[in-house]
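Worksheet for the structure shown next.
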Amino acid sequence: MEDLTKNLEISNLKIGAVNIDAAEMCSFKLNALIRDLVKRGFKEFNLHNVSGQRYIGAGLSGNIVFKVHGIPGNDLGIFMNGPNMYVYGNVQDGCGNTMNDGLIVVYGNAGDVVGYSMRGGKIFIRGDVGYRAGIHMKGYRTAPALVIGGRAGDFLGEYMAGGVILLLGLDENAQREVKFAGTGMHGGVIYVRGEITHFGKGAKREKINENDLQLIHKLAKQFCALFNFDFDKVMEQEFIKIVPVSHRPYGKLYT
Amino acid sequence: MRLLSQVNNPYGDDKNIDGCALFGMINVEGTRFPFKDPIRAISNMRERGNGLGGGFAIYGIYPDHRELYAFHVMYLNRQAKRRVEKSLKEKFRVVLSEELPTKEAKVWNPPLIWRYFIEPNRSKVNEEKIAEDDYVVKNVMHINVSENGRALIFSSGKNMGVFKGVGYPEDIAEYFCLEEYEGYMWVCHSRYPTNTPGWWGGAHPFSLLDWAVAHNGELSSYGTNRRFLETYGYKCTMQTDTEVFTYAFDLLVRRHKIPLELVSKILTPPFWDEIDCMPQKQKQLLTALRQTYSGLLMNGPFSVIVAQQGQMIGLTDRIKLRPLTAGVKGDFLYLSSEEAAIRVVQPTLDKVWNLTGGEMVVGTVKAHAFVRLQLVTTLLGN
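Protein chains in written order, with our numbering: chain U, 808 to 1062; chain F, 63 to 444.
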């Protein structure tokens, strides 16, 4: 078999970071290389010139760190189970798909369905997210969290079953308010800084309580630390929450 | 060659469902550029296709014959070629005919492909008292329908050409020697047919006159749209959603002369509850549009790139079930299924954004205008 590692810059053979130039590398090859290196004990990866390669970090467990430069492809961090991933650019669709545990930090914007079916871990997006962020998020033993700095596309938290979405809406020039938020949701909670007026079926707006505020504080603090925002200023505005009307919205559909 | 035939749809459900890659770039100064960037970009999204369809529409490629219609025709066999050429000679003046230059490449079972530079037979056009373009449409449709898969005119515009077939786009490009062409606009498609085999005629872009359409997704409103268009004389013969887009744009823009701002409000209109909240005048306009053209409302997941001479248009469905990203750099507008494909040919962009549901993005040569139609809805009230 071809030695995929032969041209790599490995700064310290035992514990150091591995630099991978992903230019001209297809998704399969890049992921095979990463898995091979993880098996050999490497824990830190700097990925350069990433350009649309899919499934980066797929299914990996343990204390691994990825620093991604460029535009990673769809399903970044899919089924990921522990690693921390930092992306210094935008991400495409399906970031954090069915992620189990770990952290994804995006310094740009995210495409559609970020946090799709997420079951654990945290995702922080500095900028905007596309449509259906947090669709089908769930919480079983741990509650996943998705924090969005900018604005969200329509159907935020669609069919949400668990977990937490925090929409900060820090971009004051945002032209458009999220519509159909929480359509079909039957669990979990969406916190929104400011107001939104257009909900989907199955969702309702509620005032926040002390417990909510504690959770918002915790997530917002982490967000501000990651992206250098002024925490006090972020917290100046009021928050609302969107919760499901019922835990079994379709329970009587086929009776 | 068997795949030229449309009887390859074993389910008889009249349409294909696609999950594909789209890429388009236009230079608004009208400066022509070679194939390098478009091919690099579309092949960066290889996973979105499966090698069962790739194609290109290139605008500005035949400057020496700019006044003539350029027909690209696929033939199943020599008999079909003889029949079509006979009928072309009756209806048109054929100025130049030649086999399209091709070379060895990884494509599957190519048909015979010929190119004709033609002009309509003047006296016949006058006799029928119809516009020249309509005369061309009528005859293209007639030939395509009567040949029933044995021959297909898949490109019929002026100073533009479609090159497509069964293979990955980069292989199709090699097959058609696209390194020999230059254009100011390239629309590229990589296909992933999911319920019919790929066939040469079914690859995108689909084209009629100057229109070329590359499409990702599915129109659940296909039946309604098709019936509406058939009442205006269009014949849907391709079993793809793509031709419905083409005819819809041809009807609204070329024949009904409706400005693009309003075309987007017909194809992907605001929801009724949004219209209810609009100022009176705007409400009246949008209500009238929805009522008049209710049969052209496009539902279902899609993103589409539509091109005509001098213009590239991007559009997504109303609830954004397929991706489309726009990027601007200097005189170039890029549209792509994935941002990474734009960045791979242009790492630094002046502006980049993901289209919102129902948003139309238009790049027009000379006008230097990139219009985000979502933002000009307020103008509709004036």
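Glycine residues also receive a C-beta, built at the ideal position from the N, C-alpha and C atoms.
Checklist entry - Taking the alpha-carbon positions, what's the N70 (chain F) to R253 (chain F) distance? => result As a working note, residue 70 (chain F) is residue 8 in the second sequence. As a working note, residue 253 (chain F) is residue 191 in the second sequence. Here the model assigns N70 (chain F) a pLDDT of 43, short of 50, so the residue's position is not dependable and the matter cannot be decided.
Next on the checklist: What does the Cβ neighbour count give for N980 (chain U), buried or exposed, with the cut at 16 atoms within 10 Å?
Outcome noted: Taking the first residue of the first sequence as 1, we reach residue 980 (chain U) at position 173. N980 (chain U) should be labelled exposed.
Next on the checklist: Please report whether the beta-carbon of V825 (chain U) lies at a distance below 7 Å from any beta-carbon of chain F.
Outcome noted: If you number the first sequence from 1, residue 825 (chain U) lands on position 18. So no, V825 (chain U) is outside the interface.
Item to check | Chain-ordered chain U contacts of R405 (chain F) [CB-CB under 7 Å] | outcome: Here residue 405 (chain F) refers to the residue found at position 343 when the second sequence is read from its first residue. Taking a Cβ-Cβ threshold of 7 Å, the residues of chain U close to R405 (chain F) are S858, I878, in chain order.
Item to check | Pairwise C-alpha distance: G941 (chain U) and T439 (chain F) | outcome: By one-based count along the second sequence, residue 439 (chain F) stands at place 377. By one-based count along the first sequence, residue 941 (chain U) stands at place 134. Only weak support is given to the placement of T439 (chain F): the predicted model assigns it a pLDDT of 34, under 50, and the value that follows is read from those uncertain coordinates. Cα to Cα, T439 (chain F) sits roughly 29 Å from G941 (chain U).
Next on the checklist: For a test of the three-state rule: what should DSSP assign to R140 (chain F), helix, strand or coil?
Outcome noted: Counted from its first residue, the second sequence places residue 140 (chain F) at position 78. DSSP places R140 (chain F) in helix when its eight states are reduced to three.
Checklist entry - According to DSSP, which residues form a beta bridge with F873 (chain U)? => result Numbered from 1 along the first sequence, position 66 holds the residue referred to as residue 873 (chain U). F873 (chain U) pairs with U:F852, U:M892.
Next on the checklist: Tell me which residues of the stretch 890-901 of chain U have at least one Cβ-Cβ distance to chain F shorter than 7 Å, keeping chain order.
Outcome noted: N897, Q899, D900
Next on the checklist: Counting only Cβ pairs nearer than 7 Å, list the residues of chain U close to I104 (chain F).
Outcome noted: As a first step, residue 104 (chain F) is located in the second sequence; it is residue number 42 there, counting from the start. Those do not exist, as I104 (chain F) stays about 11 Å from chain U at its closest Cβ, beyond 7 Å.
Checklist entry - CA-CA distance, A429 (chain F) and N221 (chain F)? => result Taking the first residue of the second sequence as 1, we reach residue 429 (chain F) at position 367. Taking the first residue of the second sequence as 1, we reach residue 221 (chain F) at position 159. Note that A429 (chain F) scores 47 on pLDDT, short of 50, meaning its location in the model is unreliable and no value can be drawn from it.
Item to check | DSSP-derived helix/strand/coil call for Y237 (chain F) | outcome: Taking the second sequence and counting its residues from 1, one reaches residue 237 (chain F) at position 175. For Y237 (chain F), the secondary structure class from DSSP, reduced to helix, strand or coil, is helix.
Checklist entry - At which residue ranges does the stretch 1011-1051 of chain U contain complete alpha helix (DSSP H) runs of 4 or more residues, listed in the order of the chain? => result For the stretch 1011-1051 of chain U, the full-length alpha helix (DSSP H) segments reaching 4 residues or more read 1017-1034, 1038-1041 along the chain.
Checklist entry - Which same chain residues, not among the five before or five after R1012 (chain U), have their C-beta less than 7 Å away from its C-beta? => result Taking the first residue of the first sequence as 1, we reach residue 1012 (chain U) at position 205. Contacts found: F1006, I1047, I1049.
Item to check | Proximal chain U residues relative to K382 (chain F), where beta-carbon distance stays under 9 Å | outcome: In the second sequence, counting from the first residue as 1, residue 382 (chain F) sits at position 320. Simply D919, G937, Y938, R939, G960, D961, F962.
Item to check | CB contact check: P385 (chain F) to chain U, cutoff 7 Å | outcome: Here the question's residue 385 (chain F) lines up with position 323 in the second sequence. At least one C-beta of chain U is nearer than 7 Å to the C-beta of P385 (chain F).
Checklist entry - Between V156 (chain F) and Y178 (chain F), which are expected to be in contact by the criterion C-beta below 8 Å, what is the C-beta distance as a whole number of angstroms? => result For this step, residue 156 (chain F) is matched to residue 94 along the second sequence. For this step, residue 178 (chain F) is matched to residue 116 along the second sequence. Between Y178 (chain F) and V156 (chain F) the Cβ distance is about 6 Å, and since that is below 8 Å, they are a contact.
Checklist entry - How would you list, in chain order, the residues of chain U whose beta-carbon sits under 7 Å from the beta-carbon of A402 (chain F)? => result The residue given as residue 402 (chain F) occupies position 340 in the second sequence. Neighbours of A402 (chain F) on chain U, chain order: S858, G859, I878, G880, Q899.
Item to check | Contacts of S834 (chain U) in chain F (Cβ-Cβ under 8 Å) | outcome: As a working mapping, residue 834 (chain U) is identified with position 27 in the first sequence. Going along chain F in sequence order, the residues near S834 (chain U) (Cβ under 8 Å) are E109.
Checklist entry - Is the CB-CB distance between V228 (chain F) and W176 (chain F) below 7 Å? => result If you number the second sequence from 1, residue 228 (chain F) lands on position 166. If you number the second sequence from 1, residue 176 (chain F) lands on position 114. No.
Next on the checklist: Just to confirm before moving on: does the CB-CB distance between N907 (chain U) and G927 (chain U) stay below 7 Å?
Outcome noted: Your numbering for residue 907 (chain U) matches position 100 in the first sequence. Your numbering for residue 927 (chain U) matches position 120 in the first sequence. Yes, they are a contact pair.
Checklist entry - Could you give the distance in angstroms between the alpha-carbon of S356 (chain F) and the alpha-carbon of T93 (chain F)? => result Locating residue 356 (chain F) in the second sequence gives position 294, where the first residue counts as 1. Locating residue 93 (chain F) in the second sequence gives position 31, where the first residue counts as 1. Rounded to the nearest angstrom, the two C-alpha atoms are 39 Å apart.
Checklist entry - Is it the case that the Cβ atoms of L975 (chain U) and G956 (chain U) are separated by a distance below 7 Å? => result Taking the first sequence and counting its residues from 1, one reaches residue 975 (chain U) at position 168. Taking the first sequence and counting its residues from 1, one reaches residue 956 (chain U) at position 149. In this structure, G956 (chain U) lies closer than 7 Å to L975 (chain U) by Cβ.
Next on the checklist: Just verifying my parser: in three-state terms, what is the DSSP assignment at L977 (chain U)?
Outcome noted: Position 170 of the first sequence holds residue 977 (chain U). Three-state result, L977 (chain U): coil.
Checklist entry - Are the beta-carbon atoms belonging to R939 (chain U) and V913 (chain U) less than 7 Å from one another? => result Along the first sequence, one-based indexing puts residue 939 (chain U) at 132. Along the first sequence, one-based indexing puts residue 913 (chain U) at 106. Against a cut-off of 7 Å, the Cβ pair of V913 (chain U) and R939 (chain U) comes out as no contact.
Checklist entry - For Y197 (chain F) versus V187 (chain F), is the C-beta distance shorter than 7 Å? => result On the second sequence, residue 197 (chain F) is found 135 positions in, with the first residue counted as 1. On the second sequence, residue 187 (chain F) is found 125 positions in, with the first residue counted as 1. Yes, these two residues count as a Cβ contact at 7 Å.
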